[in-house]
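Chains as they are written, first to last, in our numbering: chain H, 562 to 815; chain D, 4 to 317; chain B, 80 to 438.
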């Protein structure tokens, strides 16, 4: 494996570095000595079959799970996240496979979920401010929804994903984790989400993308990390590998 | 209130319309029976104050996706604790003791639900029975009189500028409840937690803390309801609040709060509570037999529920 | 929970002790006395002359009935009061059921006062709370006739017209007499009492026990068991029978648990042990009529009680001095008089199953 693929040369420390991450659930090994670095402005794809441990990686980075051993470094400094609010505070955002939107609430409240804005001495919710900012954001990202006051339940799958990505875009300072962002979408909607991802990259954010679609992975990513049954099989530069190599790494058949 | 109306979906208007319709019906049918007198209308509000206070809290509990069945028992315990304390100590201590009992019970309920992760239905079903037993044994089934005039005035019969204190308690509970529910981050987190706890947690909401808080609010409001009963009756008894649970839940649901969490309405709960009180009052004034009162009340509540819940998409 | 179970039975004419908590048993231990030690006046001693009835009719008065619960007993009292009120030309404008809730009772008083009734018949649920609850009625000059209970500090003749109650001591005593008659005044007896502080059941239970101990030297109470939940009566009776299989008779505090005791006896194939209980109930009466374990049922004349309350209200309306404390008599139902007993107690025909079994 070329050294350059694993550790691209940069003067700055990587945005996120995972070192020797190990995770077991009551004796069952979900993830084994996992190492990965992600640079600013880089899209790293995480691929593997169901149960390979991809979502475990995402949840550990987001602070929803705690590694059994190993360490996380953010901008070169050791860090642990007690819960998702701490990872968010450090500029990490997640677009979950199951969206993580509160269906009964309006779009703008979802946009500010957990970080609602308040004004005045009574600390009232600044609904007007949140609505205006959300409207601006969805327009900038070309997320086409009837109204930011609409409840998420009344939106289509693509619109919901648009909202979820818009939210991540809004709050991410360093890193966006995307867990199957287009799994439930049609062709046009997928194209729009992919455009969103590219625009995040242009804003110099680091992106970790989980996807079942190798085509999509090859379209978007700079590097590809392959997991099989909790074991890191390898990392490849996207422009230096082939679909066949990745498939054989995923399946373990050559 | 108006902003609340605007912010809610059209189906929720129905309860307000239904309330006015029933009110108009009683006003016409009972025009000679004193229904429309100021005294009688104030009576309705005063009679429902305790239920209203509990209904406001129950909006939070149901919206966060939990339920609190123990409120009726907390009413009796808080009233008895306050009454017994006031035998020996000045009334503010009685009030504090009663409310403290509510807060403590809420913490136990909340901790078991939020942190031990037991279903609230079963936890509060158990504490309901347990606390009813405690209430019975607290004074050995005896009533405890409350003879402190200041307490009885404040929590019962006083009036400010001609407005009875119980009416003011109702207004305060609904006003504060509505503000917290709609206008604060806490309220937003209650909504989000009940709607999708996973999403709320992923968004950084401390879901457990919100659940705990809702159960503490519920229990504390039930304790306040107990104090209001004690002030109104100049005494406390272990049977206080025993029959309130279902009235409270009916009022809250009729008022447009979803049993499955994620959405609720404090003004709706007020209307629901007043509707229950108005039905009691109007049907008695109609001179119906007790059985007929129950039948008619059942039909009207059924109609109200059908109208409120019919258009709701699930 | 218990409250609701109990409220289904006819037992709960009153829930708690008279305000003053004075003993009801006088020197003779057979006489029911009022809360202030007043001598009991039999219900049938209340009389209104034709002229007085006419005078009441002229007043076009109205009445409200503020009951504590809904039950057979309350229905019979209501029927008695309604019949008497219609004879007196008094309209009943409201009827309420407080469901044993003192707070609801206060609301009920407030609500019916909107109709300005001339008379209120009520069972005050709680001496303390009801003193507060009935104050608006007293202040408005409404005549109060009370059932069994009196609000704390209320004065007869000023705040209320009269107290009317059922003869609880006689009910318990007659149960003892009936069991003695069935057993030939000798044998081993079990006493199943209501294990709670409730005036009505406590009075009746103790009257039974006292009577056996004082009047029947050859009868022994060899086993006692308290119940709080009638649904558990069968288990308790089973345990009792296991411990003392040679019981001759069992007293059960009221009819609903008596059904459980009966079930236990049947399950054990026991046809010998006799049961006495209180308050008429179809299943219990049916067993009695069919010659089963049940020897007798004692009850109160609830209809008569309601009628007496309405008559007392008439006294109040025309300013006639009423006796302070009126008692409706108790009765014993056996196979011989069960149909009549239903009429006397509840003022309605005995259930069809019971009359059919008599034939």
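Yeah, the Cβ is synthetic: ideal placement off N, Cα and C, and Gly gets one too. On a predicted model such as this, the values are computed, not experimentally measured, just so you know.
query	result
Span separating the alpha-carbon of residue 562 of chain H from that of residue 802 of chain H	Only weak support is given to the placement of residue 562 of chain H: the predicted model assigns it a pLDDT of 41, under 50, and the question is left unresolved by the model.
Residues that DSSP places opposite residue 239 of chain B in a beta bridge	B:235
Interface partners of residue 235 of chain D on chain B, CB under 8 Å	182, 185 and 211
Where residue 173 of chain B meets chain D, residues with beta-carbon distance less than 8 Å	287, 288 and 290
Candidates H:730, H:728 and H:720, of which the one nearest residue 746 of chain H by Cα	H:720
Presumed contact (8 Å Cβ cut-off) between residue 171 of chain D and residue 163 of chain D, rounded CB distance	6 Å
DSSP three-state assignment for residue 414 of chain B, whether helix, strand or coil	helix
Residues that DSSP places opposite residue 238 of chain D in a beta bridge	D:148
Which of helix, strand or coil DSSP assigns to residue 439 of chain B	This structure cannot speak to residue 439 of chain B, because chain B is shown only from 80 to 438.
Same chain only: Cβ atoms within 7 Å of residue 687 of chain H, ignoring 5 sequence neighbours per side	678, 679 and 680
Residue-level contact to chain H via CB, residue 207 of chain D, 7 Å cutoff	yes
Exposure label - residue 785 of chain H; buried when at least 16 CB within 10 Å	buried
The region 255-275 of chain B / the region 301-317 of chain B touching (three or more Cβ pairs under 8 Å)	yes
CB contact check: residue 293 of chain D to chain B, cutoff 7 Å	yes
Min CB distance residue 813 of chain H to chain D below 7 Å	no
Contact set between the region 138-153 of chain B and chain D, restricted to residues whose Cβ is under 8 Å from the partner	146 and 149
C-alpha gap between residue 424 of chain B and residue 120 of chain B, whole angstroms	18 Å
Among H:632, H:603 and H:590, the one whose alpha carbon lies nearest that of residue 596 of chain H	H:632
Member of H:663, H:605 and H:599 whose CA lies at the smallest distance from the CA of residue 714 of chain H	H:663
Contact list for residue 75 of chain D against chain B, beta-carbon separation under 9 Å	The contacting residues do not exist; residue 75 of chain D stays about 10 Å from chain B at best.
Under 7 Å between C-beta atoms of residue 58 of chain D and residue 272 of chain D	yes
Minimum Cβ-Cβ distance from residue 675 of chain H to chain D less than 7 Å	yes
Beta-carbon gap between residue 222 of chain B and residue 378 of chain B smaller than 7 Å	no
Residue 194 of chain B: contacting residues in chain D (beta-carbon distance under 7 Å)	36, 37 and 288
For residue 577 of chain H, the three-state DSSP class (helix, strand or coil)	strand
CB contact below 7 Å: residue 238 of chain D versus chain B	yes
Proximity of residue 795 of chain H and residue 808 of chain H at Cβ, strictly below 7 Å	no
Local conformation of residue 706 of chain H per DSSP, three classes	coil
Boundaries of the alpha helix (DSSP H) in which residue 64 of chain D is found, first to last residue	41-66
Helix, strand or coil at residue 593 of chain H [DSSP, three-state]	strand
Burial state of residue 131 of chain D, where buried means 16 or more other Cβ atoms lie within 10 Å	buried
Residue 274 of chain D - containing alpha helix (DSSP H), residue span	269-288
Cross-chain neighbours of residue 455 of chain B in chain D, by beta carbon under 7 Å	Examination of residue 455 of chain B is not possible in this model, given that chain B is present from 80 through 438 alone.
Simplified DSSP state of residue 664 of chain H, which is helix, strand or coil	coil
Interface flag, residue 718 of chain H vs chain D, CB-CB below 7 Å	no
Assumed close pair residue 146 of chain D, residue 240 of chain D - CB separation to whole angstroms, cut-off 8 Å	4 Å
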